[in-house]
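> Counting in the numbering used here, the sequence shown runs from 11 upward without gaps. Glycine included, each C-beta is placed from N, C-alpha and C at the ideal position. Computed from a predicted structure; not experimentally measured.
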Amino acid sequence: MLKRKAYLQVLSVLSCFAVIFLHVNHCFWDFGYEDYWILANFIESIMYFAVPVFFMITGATLLNYRKRYSTKKYFQKRIHKVVIPYVIWSIIGILFMLAYRRIALEDISLKMIVDTFMNGNVVTVYWYFIPLFAVYLSIPVLSSIEENQQQNIFGYMIIISFMTVSLLPLVFKLIDIPYNGSLQFPVGMNHIIFVLIGYYVDHYELSKKQRMMIYVLGILGFLAHWLGTWYASYQIGEVSRLWKGYTNAPSVLYSSAIFVFFKYFPNKSIMNVLEKVSSYFKNVTFGTYLIHWYIIQMILTILPISQRQVIYRIIGPFVIMIICSMIIKTMQKIPMIKNSVPK
């Protein structure tokens, strides 16, 4: 088993990279029967682990915060490292949209500003922050469970959450029967399941048999998402959401398998290489998430590029990742603005 920080670092960078791939591959949502969409669906499916794994990393690193500092310090750190940058870059997003004439000055009102902060409707990729804040509010409660009880309690929560939040809703859709959402496990709804999975996998050992089972289920989850979305979308002539959704069973299974695989990575030599490569990006992943949308918008505005072009969707994420990392590293050296892109 690899040391904890190494595999989490690699996963953090890999997930950041996958997020860029997802957003560069935005033509996925413009359904068509042409070849471009077949590739777009594959890219979307293979990179879909990004957000769930980010939440898993949050669970792995923060659910035991009480061993390092107080709850007051915990919230101070979350506000400084995440909330303040979110507010700053949301304001920048409004100014950016004004500069690019995508919104008019008269569109700006108190209601619009509140909507921006609460729903991320200006910089749409910032939707992630709202469930993240909900997770942050939940962690002090989850972390208050006695350590000697956590394995059993968290294991129970993961299983029941998966059954009632992820699996049963999908099964009921497939058999065309309405699912009663009241059955969903309240304390495991939304993205909490990923926080629990991240902590559980990081802190407790899994047997080889358990890992093999997770890998098989992960592959099945990926195939269901990829091929299921392809088939269902072709049937209805638009992107089908039947197999999609981060908390949907295919995503939970696939993302969990990715997380487990990197914890128990089979080749230490390859992991050492991945660790060295990821070390360049380890302090810029959050900043990259904050600014990559702006870089994508500027590239599409300045250059005569079609979002359906294969070279843009395959090479573009590498270029954008490098550009973002260079910008963030520079910003982190400037005292006046470094707090907007914390390490």
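Which residues bound the alpha helix (DSSP H) around HIS201?
It is not in any alpha helix (DSSP H) - HIS201 carries neither H nor E in the DSSP assignment.
> To test your reading of the DSSP string, which unbroken alpha helix (DSSP H) runs of 4 or more residues are found completely within the region 118 to 157?
Listed in chain order, the complete alpha helix (DSSP H) runs (minimum 4 residues) inside the region 118 to 157 are 120 to 129 and 139 to 153.
> Assign ARG111 to one of two classes, buried (16 or more other C-beta atoms within 10 Å of its C-beta) or exposed (fewer than that).
Looking at its Cβ environment, which holds fewer than 16 other Cβ atoms inside 10 Å, ARG111 is exposed.
> Within 10 angstroms of the Cβ of ASP212, are there 16 or more other Cβ atoms? Answer buried if so, exposed if not.
That one is buried.
> Look at the alpha carbon of ASN162 and the alpha carbon of LEU216, and state the distance between them as a whole number of angstroms.
About 14 Å.
> Count Cβ pairs between the region 220 to 235 and the region 264 to 273 that sit closer than 8 Å; are there 3 or more?
A contact exists between the region 220 to 235 and the region 264 to 273.
> What first and last residue would you give for the alpha helix (DSSP H) that runs through GLY228?
Unbroken alpha helix (DSSP H) run through GLY228: 218 to 246.
> Look at the alpha carbon of ARG88 and the alpha carbon of TYR146, and state the distance between them as a whole number of angstroms.
If you take the alpha carbons of ARG88 and TYR146, they lie about 8 Å apart.
> Give the DSSP-derived three-state secondary structure of PRO314 in the structure shown.
Correct three-state label for PRO314: coil.
> Check whether the Cβ atoms of TYR299 and TYR58 sit closer than 9 Å, and answer yes or no.
No. Outside cutoff.
> Closest to VAL294 by CA distance: which of ILE330, TYR225 and ASN35 is it?
The shortest Cα separation from VAL294 among ILE330, TYR225 and ASN35 belongs to ILE330.
> Roughly how many angstroms separate the alpha carbons of GLN116 and VAL124, rounded to a whole number?
It is worth fixing the name first, because residue 116 is Glu in this sequence and not Gln. Approximately 15 Å, taken between the alpha carbons.
> Who are the Cβ neighbours of TYR256 in its own chain at under 6 Å, not counting the five residues just before and after it?
Closer than 6 Å at the Cβ level, and outside the excluded window around TYR256, lie VAL61 and PRO62.
> Check whether the Cβ atoms of SER288 and GLN86 lie closer than 9 Å to each other.
No; because the gap between Cβ atoms is not below 9 Å, this pair is not in contact.
> If you check the beta carbons only, do THR134 and TRP303 fall under 9 Å apart?
Contact flag set, yes.
> Can you say whether THR239 is buried or exposed, counting buried as having 16 or more other CB atoms within 10 angstroms of its CB?
THR239 is buried by the Cβ-count criterion.
> Do SER350 and TRP99 have their beta-carbon atoms positioned less than 9 Å apart in this structure?
In this structure, SER350 lies closer than 9 Å to TRP99 by Cβ.
> Enumerated in chain order, which unbroken segments of the alpha helix (DSSP H) with a length of 4 residues or greater are wholly contained in the region 255 to 341?
Within the region 255 to 341, the complete alpha helix (DSSP H) runs of at least 4 residues are 259 to 273, 278 to 291, 295 to 312 and 320 to 341.
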